[in-house]
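The structure appears below as structure tokens.
Numbering (the working numbering), first residue to last: 15 to 125.
Written as structure tokens, this is what we have:
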């Protein structure tokens, strides 16, 4: 599988995360991405952020970009995230880096 672009127009979680992580790499933290993509109707309302994170949240390992669309997430030294298509040169470079801690994405079903 190679990284696919999620369909546009639905304001889905995958589409929002794609816009944040692929089109604007290393601009947002995991928390920024999770909050903005959690409810497309609520996007941008800062007041809800504290309430949102008062409950446990899944990490980007559960992102539909990772699970369904074939993207890997990389975090820089400042904790900012970017997504790279599986099969791309950048993805391969990260995959072959022995200094980089690698964690697999979550599976949708037991295998």
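Heads up, the beta-carbon is just placed ideally off N, CA and C, and yes, glycines get one too.
Given the structure is predicted, the values throughout are model-derived calculations rather than measurements.
Check, Outcome
"Residues bridged to residue 117 [DSSP beta-bridge criterion]", "Per DSSP, none; premise fails for residue 117."
"Cutoff 7 angstroms; reference residue 96; Cβ partners in own chain excluding five residues on either side", "35, 39, 40 and 88"
"Straight-line Cα distance separating residue 48 from residue 94", "13 angstroms"
"Rounded separation between residue 103 and residue 33 - CA only", "20 angstroms"
"Proximal residues to residue 74 (C-beta, below 6 angstroms), its chain only, five neighbours per side dropped", "44 and 87"
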